[in-house]
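Trainee: Here this note's numbering is used: position 162 in the sequence shown is 157, and no number is missing along the way.
The C-beta atom is built at its ideal place from N, Cα and C for all residues, glycine as well.
It should be emphasised that the depicted structure is a prediction, and the values quoted were computed from it without experimental measurement.
Got a structure for you, questions after.
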Amino acid sequence: MLTNAQVTSTFYDNTCPNALTIRTSIRQAVSSECRMAASLIHLHFHDCFVQGCDASILLDVAATAMSERTALPNARSARDQKAITLPCVCNIEIKHRYTQEMPHIGYCNRIYSNGSNIDASFTSTRRRTCPAAGNRNLAPLDLVTPNSFDNNYFKNLIQKKGLLESDQVLFNGGSTDSIVSEYSTNPATFKADFAAAMIKYGNIIDSTTSKNGVERRICSALN
């Protein structure tokens, strides 16, 4: 089907005059704290996983509103709501886990499993900062480029250097091996697919409430 629709940079001039400044604001936030980008994507996941992507995880607890933020799966996981301070109508789509996210070492039981799908030298290195007893240390998923969003994560999996079991299972003789191999050698394909996946994920809606949706003036409160 052919269409005559045109892309215009002035589309949001009236409804969201600050739309074109959002990217700059996020870049500044990430520059101040490198984990911010991963945290925002993680926040996006927590929001969309429950009744669609409606930014309800940003709601403060109030007598008139339940907040997803206090739900058991989210209470100690979702973070960085403070990075989103513009009116929701302008930034509901910038809430968008990537390879920079740092898990607490309590999730690193894999390095003590003595399994066949983990590199011995990698195990030795990781145990130095992840004691068996466990503590609140943070461990980067990727030791080579811990603060960059790249495809080194997939290269690590091929070398049996995935920190989490849930990561290494992506390259362990299963159906996803070919995908990992492709991304490990083609960073452009990975980034393009990742962007497309985030857009698709961001379009998840709750069919029971989508017709009654509203654009909140303030992200943390109902209109």
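For my contact list, C103 and R123 are in at a C-beta cut-off of 8 Å; report their separation, rounded to the angstrom.
Mentor: Contact doesn't hold; Cβ gap of about 12 Å is too wide.
Trainee: Could you check if A50 is buried or exposed, using at least 16 other CB atoms within 10 Å of its CB as the buried criterion?
Mentor: The residue in question, A50, is buried, as its Cβ has 16 or more Cβ neighbours within 10 Å.
Trainee: Among the candidates S111, F6, C11 and N146, whose CA atom is the shortest distance from the CA of E160?
Mentor: S111
Trainee: Mind the definition here: the stretch 35 to 53 touches the stretch 184 to 204 only if three or more C-beta pairs lie below 8 Å; say whether that holds.
Mentor: yes
Trainee: Expressed to the nearest angstrom, what Euclidean distance is found between the alpha-carbon atoms of L35 and Y148?
Mentor: 19 Å
Trainee: Kindly indicate which three-state DSSP category L158 falls into: helix, strand or coil?
Mentor: coil
Trainee: Measuring only between beta-carbons, confirm whether Y7 sits less than 7 Å from chain D.
Mentor: No chain D is present in this structure, which holds just one protein chain.
Trainee: Return the CA-CA distance between L81 and P126, expressed in angstroms with no decimal places.
Mentor: Because L81 sits at a pLDDT of 41, beneath the cut-off of 50, its placement in the model cannot be relied upon, and the following sentence gives the value as read from the coordinates. Cα to Cα, the separation comes out at about 41 Å.
Trainee: Between the Cα of N181 and those of V25, N142 and K150, spot the shortest distance and give me the residue it belongs to.
Mentor: K150
Trainee: Rounded to the nearest angstrom, what separates T140 and L38 at their Cα positions?
Mentor: Spanning the two alpha carbons is a distance of roughly 23 Å.
Trainee: Compare the beta carbon distance of S179 and I153 with 7 Å and say whether it is the shorter of the two.
Mentor: yes
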